[in-house]
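Data first, discussion second: the structure below is written as structure tokens.
2 protein chains.
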Amino acid sequence: MIFKDNNKQADELRKKLKETGVFLLNLMSSPGAGKTTTLGRTIEALKDEIKIGVMEADIDSDVDAHTIAGYGAKVIQLHTGGMCHLDAGMTEDGINELGTEGLDLVILENVGNLVCPAEFDTGAVKNAMILSVPEGHDKPLKYPLMFQVCDVVLVNKIDVLPYFDFNMEKCIEYVRMRNPKAQVIPICARTGEGMEQWITWLKEETAVWKK
Amino acid sequence: MIFKDNNKQADELRKKLKETGVFLLNLMSSPGAGKTTTLGRTIEALKDEIKIGVMEADIDSDVDAHTIAGYGAKVIQLHTGGMCHLDAGMTEDGINELGTEGLDLVILENVGNLVCPAEFDTGAVKNAMILSVPEGHDKPLKYPLMFQVCDVVLVNKIDVLPYFDFNMEKCIEYVRMRNPKAQVIPICARTGEGMEQWITWLKEETAVWKK
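Line order of the protein sequences matches chains A and B. Residue numbers for the first sequence follow the numbering used here, beginning at 25 and rising by one. Residue numbers for the second sequence follow the numbering used here, beginning at 25 and rising by one.
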């Protein structure tokens, strides 16, 4: 019942976003996988072409919002009040608070959690997640739903591949088991390696959504 | 209401465990922080002195249960059926399935999640969590409750400290902000570095509980 109501609300939010031509991306990951660093790099790469807004969802603290504001994006902080995820209602409240006038793209940095955020449609047009190398290539086996709902899986921190038993081929195989259509893009958000493919994808999706 | 019922059930489980002299440890962390590797090392170090049982909680898959069985501990797999945490009822069912006769210590490997598992008292005697170096030292700021409820914080993967911007002093400071009594123990479960302090703590707590 809760899920059904949420799905309806999410569909309505997507419809509104379509009318205003604003692309909403829901970015998810484990704690510490590199959401904020990836977001910072993404803003840097796109800010001259695309107007970006960011909603930083955190249980507590506003460390990330301050970091992101430093990159020059319009940013608001959403506190979930202990909640482990965002639903469509909370996302819509965030969108209203942020104000989307003049924006092309809004990125929602979800709570760091591979379980609950995957269960709630936020109303985003697309879902992306970050799996970091230190977490291991077996994560799609253990957190199936997260990988099922994501259109893109960024495999971050590839600069530390030599220090971890991470098998990229196995990772891609396991992601595809969960979701044959998911794009897997290896990146290092810290150094910028591999970011072009991700930036291109995001730019194209944002443009297509406006049509 | 749900929390109140759960707390009551957790207290009752602890009482039963006290009567039978079985120490239950709830081990939590983010996905990929090293719960299973740490558990394997812990069993290796203790198995000649202490009889150990393990409950592996996973949303899906039984990869970890197979790994742990290889270390020679009595192990059962608990599937949460999509749930993001274990409550006291699920833990008690697990304890009954495992059977505690002859065991001194049962370790519950909780779902990889820094949010929801912290909200539910499982009935464990003590809580421990693993924070891994690649996740960053700011995690106690972002996931306050998890650090509040843990008696021990193992900081794992210290072998890769040179490759990450991880400040151990800041980490300890932030953990203490949340929980002045928490012990912080830096370890590398892969190499065994720093494990003695953890093993000693666990051995002492198990012995004290029997008295």
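Using N, Cα and C, we set each Cβ at its ideal position, and we do this for glycine too.
Tell me, please, whether the CB atom of Val78 of chain A is closer than 8 Å to any CB atom in chain C?
The question asks about chain C, but that chain is absent: this structure's protein chains are A and B.
Do we get a CB-CB distance below 8 Å when we pair Val184 of chain B with the residues of chain A?
Translated into positions along the second sequence, residue 184 of chain B becomes position 160. Answer yes: the Cβ-Cβ gap between Val184 of chain B and chain A drops below 8 Å somewhere.
What are the boundary residues of the beta strand (DSSP E) that Met170 of chain A is part of?
Your numbering for residue 170 of chain A matches position 146 in the first sequence. Here Met170 of chain A belongs to no beta strand (DSSP E); instead the alpha helix (DSSP H) covers Pro168 to Val173.
Compute the distance between the beta-carbons of Met219 of chain A and Pro164 of chain A, then report whether it is under 8 Å.
Here residue 219 of chain A corresponds to residue number 195 of the first sequence, with the count starting at 1. Here residue 164 of chain A corresponds to residue number 140 of the first sequence, with the count starting at 1. Taking 8 Å as the Cβ cut-off, Met219 of chain A and Pro164 of chain A do not qualify as a contacting pair.
Host beta strand (DSSP E) of Glu133 of chain A (start-end)
As a working note, residue 133 of chain A is residue 109 in the first sequence. Element bounds for Glu133 of chain A: Leu129 to Glu133.
What three-state label does DSSP hand Ile182 of chain B in the structure shown?
In the second sequence, residue 182 of chain B corresponds to position 158, counting from 1. Helix.
Distance between Leu110 of chain B and Gln33 of chain B (C-alpha atoms, nearest Å)
On the second sequence, position 9 is the one that residue 33 of chain B refers to. On the second sequence, position 86 is the one that residue 110 of chain B refers to. Their backbone Cα atoms lie some 13 Å apart in a straight line.
What is the DSSP secondary structure of Pro141 of chain A, counted as helix, strand or coil?
Position 117 of the first sequence, counted from the first residue, corresponds to residue 141 of chain A. In this structure, Pro141 of chain A counts as helix in the three-state DSSP scheme.
So, does the region 206-217 of chain A touch the region 68-83 of chain B, judging by three or more C-beta pairs under 8 Å?
no
What do you reckon, are the CB atoms on Thr146 of chain A and Ala97 of chain A nearer than 8 Å?
Sequence index remark: in the first sequence, residue 146 of chain A carries index 122 (1-based). Sequence index remark: in the first sequence, residue 97 of chain A carries index 73 (1-based). The answer is no: Cβ separation not under 8 Å.
What separation, rounded to the nearest whole angstrom, lies between the Cα atoms of Ala152 of chain B and Glu228 of chain B?
Residue 152 of chain B sits at position 128 when you count from the first residue of the second sequence. Residue 228 of chain B sits at position 204 when you count from the first residue of the second sequence. Near 15 Å, if we compare the C-alpha coordinates of Glu228 of chain B and Ala152 of chain B.
Determine whether the beta carbon atoms of Val135 of chain A and Cys174 of chain A lie at a separation below 8 Å.
To locate residue 135 of chain A, count along the first sequence from 1; it is residue 111. To locate residue 174 of chain A, count along the first sequence from 1; it is residue 150. It is not a contact, given that the beta carbons lie outside the stated cut-off.
Opposite Ala81 of chain A in the DSSP bridges: which residues?
Within the first sequence, residue 81 of chain A is the residue found at index 57, counting from 1. Its beta-bridge partners are A:Leu102.
For chain B, is any of its Cβ atoms less than 8 Å away from the one on Lys163 of chain A?
Here residue 163 of chain A corresponds to residue number 139 of the first sequence, with the count starting at 1. Yes - at least one Cβ of chain B is within 8 Å of the one on Lys163 of chain A.
Residue burial classification, Asn50 of chain A (beta-carbon count within 10 angstroms, cutoff 16):
Taking the first residue of the first sequence as position 1, residue 50 of chain A is located at position 26. So Asn50 of chain A ends up on the buried side.
Quick one: using the 10 Å Cβ neighbour count with 16 as the cut-off for buried, is Lys28 of chain B buried or exposed?
In the second sequence, the residue the question calls residue 28 of chain B occupies position 4. Exposed: under 16 other Cβ atoms inside 10 Å.
With DSSP as the reference, please indicate the residues paired to Ala152 of chain A in a beta bridge.
Translated into the one-based positions of the first sequence, residue 152 of chain A becomes position 128. For Ala152 of chain A, which the question treats as bridged, DSSP gives the partners A:Leu51 and A:Val176.
Chain-ordered residues of the region 194-219 of chain A with a beta carbon less than 7 Å from chain B:
none
Should the region 156-172 of chain B be regarded as contacting the region 55-66 of chain A, the criterion being three or more beta carbon pairs within less than 8 Å?
yes
Could you tell me whether the Cβ of Lys59 of chain A comes closer than 8 Å to any Cβ of chain B?
Locating residue 59 of chain A in the first sequence gives position 35, counting from the first residue. Chain B contact via Cβ: absent.
Along the chain, where does the beta strand (DSSP E) containing Val46 of chain A start, and where does it finish?
Your numbering for residue 46 of chain A matches position 22 in the first sequence. Note, Val46 of chain A: premise wrong, no beta strand (DSSP E); not H, not E.
Is DSSP giving Pro204 of chain A helix, strand or coil here?
The residue you call residue 204 of chain A lines up with position 180 of the first sequence. In this structure, Pro204 of chain A counts as coil in the three-state DSSP scheme.
Would you call the CB atoms of Glu80 of chain A and Asp72 of chain A closer than 8 Å?
Counting from 1 along the first sequence, the entry for residue 80 of chain A is found at position 56. Counting from 1 along the first sequence, the entry for residue 72 of chain A is found at position 48. Their beta carbons are not under 8 Å apart, which means Glu80 of chain A does not touch Asp72 of chain A by this criterion.
With Val232 of chain B and Val130 of chain B assumed to form a contact (beta carbons below 8 Å), what rounded beta-carbon distance in angstroms separates them?
Here residue 232 of chain B refers to the residue found at position 208 when the second sequence is read from its first residue. Here residue 130 of chain B refers to the residue found at position 106 when the second sequence is read from its first residue. About 16 Å separates the two Cβ atoms, so there is no contact after all.
For Glu217 of chain A, which residues does DSSP report across the bridge?
What you label residue 217 of chain A is simply residue 193 of the first sequence in a count that begins at 1. DSSP, once it has assigned bridges, lists A:Cys212 as partnering Glu217 of chain A.
In chain order, what residues of the region 73-99 of chain B put their CB closer than 7 Å to some CB of chain A?
Asp82, Ile83, Asp84, Ser85 and Val87
For the alpha helix (DSSP H) that contains Ile74 of chain B, what are its first and last residues?
Translated into the one-based positions of the second sequence, residue 74 of chain B becomes position 50. From DSSP, Ile74 of chain B is part of no alpha helix (DSSP H); its letter is neither H nor E.
Can you tell me the Cα-Cα spacing of Phe142 of chain B and Lys150 of chain B, whole angstroms?
Walking along the second sequence from the start, residue 142 of chain B turns up at place 118. Walking along the second sequence from the start, residue 150 of chain B turns up at place 126. The amino acid occupying residue 142 of chain B in the given sequence is Ala; Phe does not appear at that position. Approximately 12 Å between the Cα atoms of the pair.
Around the C-beta of Gly126 of chain A, are 16 or more other C-beta atoms found within 10 angstroms, so that it is buried, or is it exposed?
Numbered from 1 along the first sequence, position 102 holds the residue referred to as residue 126 of chain A. With fewer than 16 Cβ atoms within 10 Å of its Cβ, Gly126 of chain A is classed as exposed.
Check whether the Cβ of Leu48 of chain B lies closer than 8 Å to any Cβ atom in chain A.
In the second sequence, the residue the question calls residue 48 of chain B occupies position 24. So, not an interface residue.
Looking at Ser85 of chain A: is its Cβ nearer than 8 Å to the Cβ of Lys194 of chain B?
On the first sequence, position 61 is the one that residue 85 of chain A refers to. On the second sequence, position 170 is the one that residue 194 of chain B refers to. Result no, Cβ atoms of Ser85 of chain A and Lys194 of chain B do not sit closer than 8 Å.
Residue burial classification, Lys181 of chain A (beta-carbon count within 10 angstroms, cutoff 16)
Numbered from its first residue, the first sequence carries residue 181 of chain A at position 157. Lys181 of chain A comes out buried.
From the beta carbon of Glu159 of chain B, is the nearest beta carbon of chain A less than 8 Å away?
By one-based count along the second sequence, residue 159 of chain B stands at place 135. Closer than 8 Å: yes.
Out of curiosity, what's the CA-to-CA distance linking Lys234 of chain A and Ile67 of chain A?
Translated into the one-based positions of the first sequence, residue 234 of chain A becomes position 210. Translated into the one-based positions of the first sequence, residue 67 of chain A becomes position 43. Looking at the two C-alpha atoms, the distance is approximately 19 Å.
Report the option in B:Asn120, B:Ala148, B:Gly106 and B:Asp117 whose CA atom is closest to the CA atom of Thr230 of chain B.
To locate residue 230 of chain B, count along the second sequence from 1; it is residue 206. Of the candidates B:Asn120, B:Ala148, B:Gly106 and B:Asp117, the one whose C-alpha sits nearest the C-alpha of Thr230 of chain B is B:Ala148.
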